[in-house]
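Residue numbers (the numbering used here), protein chains in the order written: chain A, 7 to 224; chain B, 7 to 224. Where a beta carbon is used, it is the ideal one built from N, C-alpha and C, also for glycine. One structure is given below, encoded as structure tokens.
Number of protein chains: 2
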Amino acid sequence: MRSAYHDHLDLVVDELVAMTHQVQQSVARATHALMTADAAVAEQVVAADAEIDAIRDRIEDQVFELLALQQPVAGDLRMLVAASRMVADLERMGDLSVHVAKVARLRAPEAAVPAEMTPTMTRMAEVAVDMVGAAARVIADRDVDAARELEQEDEEMDELRRRSFRLMLGENWAHGVEPAIDLALLGRYYERIADHAVSLARRVVYLVTGETVSSLSS
Amino acid sequence: MRSAYHDHLDLVVDELVAMTHQVQQSVARATHALMTADAAVAEQVVAADAEIDAIRDRIEDQVFELLALQQPVAGDLRMLVAASRMVADLERMGDLSVHVAKVARLRAPEAAVPAEMTPTMTRMAEVAVDMVGAAARVIADRDVDAARELEQEDEEMDELRRRSFRLMLGENWAHGVEPAIDLALLGRYYERIADHAVSLARRVVYLVTGETVSSLSS
């Protein structure tokens with residue numbers, strides 16, 4: 007029979023998965039606000055960040071309680087320390103989606119993304135949303151193979167970022183400095199969301215296999 | 007008489023302070039590389055990041071060992087959980103200084119920072135380096151007042167960032183898109199270094215006073 011303690015540990019994992027889904031939704035909605043220049047949706051994303059922070063507080067409290075009261079042994083302890091790090095990644099991903107939403111809000115009703123950049127930016131956002139979804143599955147199922155696929159998606163993100171720079175620095179760029187600054191920062195936000203998704207997956211790989219993957223430095 | 011356990015806890019704090027100084031040096035050297043277009047110094051910053059990561063590994067191992075073997079009670083446990091978060095902040099600050107160095111390296115022997123942006127960018131870097139130094143003192147001395155001063159310096163950083171945007175978007179900007187993208191990203195890196203310094207200080211305030219300061223969302 008499983009103990010209340012193990013149920014509590016499972017609950018932490020369930021909450022992490024729920025938080026990851028919440029972050030995924032936030033990235034998707036911020037992107038929708040960006041691509042449709044919809045200030046109202048952008049505003050919703052900014053407001054909903056408080057819910058993500060509330061889940062963070064709840065998980066942090068649970069982790070602390072388990073550490074303090076249950077004195078977990080090595081495997082469980084490692085899981086709880088990882089959970090505490092993953093919560094920090096997820097909170098940050100939520101903040102980054104808020105940054106995307108704020109660019110949309112600042113420029114609305116104008117579009118922040120010029121037409122010729124739309125395919126690249128749309129794909130960047132898709133890759134980011136996919137990667138966050140994949141991270142949720144990695145966490146829920148301890149799926150090490152899915153974690154490795156995530157690393158490949160991250161390479162597509164890097165290639166998309168390079169493509170966006172080529173467009174902005176090409177001779178056909180007619181939009182000047184302001185959209186270029188917006189797009190450079192937007193690209194950075196999506197890239198960081200992707201990096202954090204990889205980081206979440208690596209923490210799970212480490213828990214399952216004990217194998218450290220070299221840390222991201224982007 | 008103090009126990010080996012408490013000496014070990016103190017050692018974690020000492021290592022955190024040492025890591026903060028290492029990060030401060032990395033930010034200062036990356037800035038030097040940037041402002042003098044010195045690819046060799048930039049390269050040193052990139053290479054030295056491995057040392058910062060090594061301190062991170064050491065502190066993480068110490069924290070884990072203390073958690074696993076000593077089953078610390080509430081106050082010490084809170085300190086160890088905070089230390090684990092602070093290590094993550096510091097690692098990230100090191101990565102951000104590497105990003106600054108990489109911009110310097112990419113543009114050298116040209117300067118990445120145009121002359122009219124030099125005062126703003128120099129001041130941004132000074133504020134960032136100061137803030138990291140202040141964070142080290144906050145950690146070493148549990149100095150809550152210094153932590154509050156740090157928040158004020160962070161406001162200067164925000165103002166400098168706004169000034170840099172005004173310069174790039176003003177009608178006298180004659181450098182086009184590429185330096186503007188570099189500067190927008192450089193400003194972001196320094197701003198994030200400052201945010202992490204504030205975050206380090208807030209964790210100490212929380213340990214000392216139990217008072218949570220609302221989390222940064224930039």
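Residue j beta carbon less than 8 Å from that of residue i
| i | j | result |
| --- | --- | --- |
| M163/A | A200/A | yes |
| E217/B | V210/B | no |
| R84/B | E21/B | no |
| V109/A | L192/A | yes |
| Q30/B | G176/B | no |
| P120/A | H38/A | no |
| A146/B | V23/B | yes |
| A234/A | A141/A | The requested residue 234/A is not part of the displayed model; chain A covers only 7 to 224. |
| R129/A | L86/A | no |
| D149/A | V104/A | no |
| Y195/B | V106/B | yes |
| V33/B | V135/B | yes |
| Q50/B | Q77/A | no |
| A118/B | P185/B | yes |
| M123/A | S90/A | no |
| A131/A | A207/A | no |
| L73/B | L73/A | yes |
| A190/A | A190/B | yes |
| M137/A | E161/A | no |
| V183/A | V93/B | no |
| R198/A | L102/A | yes |
Residue i: contacting residues in chain B (beta-carbon distance under 8 Å)
| i | result |
| --- | --- |
| M174/A | V183 and I187 |
| Q77/A | Q77 |
| A94/A | R91 and A94 |
Simplified DSSP assignment, three categories, for residue i
| i | result |
| --- | --- |
| Q68/B | helix |
| V52/A | helix |
| Q28/B | helix |
| T218/B | coil |
| A43/A | coil |
| V93/B | helix |
| P78/A | coil |
| A34/A | helix |
| R148/B | coil |
| S170/A | helix |
| A114/A | coil |
| G182/A | coil |
| S9/A | coil |
| E57/B | helix |
| D132/B | For the sequence presented, residue 132/B should be read as Glu rather than Asp. E132/B: helix per DSSP, three-state reduction. |
| E161/B | helix |
| P120/B | coil |
| G5/A | Not covered by the structure: residue 5/A. The range shown for chain A is 7 to 224. |
| S224/A | Low local confidence applies: a pLDDT of 49 at S224/A is under 50, so the model's placement there is unreliable, with the coordinate-based value given in what follows. DSSP places S224/A in coil when its eight states are reduced to three. |
| E155/A | helix |
| E21/B | helix |
| G176/B | coil |
Contact set between residue i and chain B, taken where Cβ atoms lie within less than 9 Å
| i | result |
| --- | --- |
| S90/A | V87, S90 and R91 |
Neighbour list for residue i in chain A, Cβ cutoff strictly below 8 Å
| i | result |
| --- | --- |
| R194/B | L191 and R194 |
| A180/B | Near A180/B there are no residues of chain A at all, since even the closest Cβ is about 11 Å away, more than 8 Å. |
Cross-chain neighbours of residue i in chain A, by beta carbon under 9 Å
| i | result |
| --- | --- |
| L83/B | F70, L73 and A74 |
Partners in chain B for residue i, counting only beta-carbon separations shorter than 7 Å
| i | result |
| --- | --- |
| A80/A | A74 |
Could you say if the region 90–98 of chain A and the region 53–63 of chain A meet the contact criterion of at least three C-beta pairs nearer than 8 Å?
-> yes
Quick one: any contact between the region 37–51 of chain B and the region 111–121 of chain B, if contact means 3 or more CB pairs under 8 Å?
-> yes
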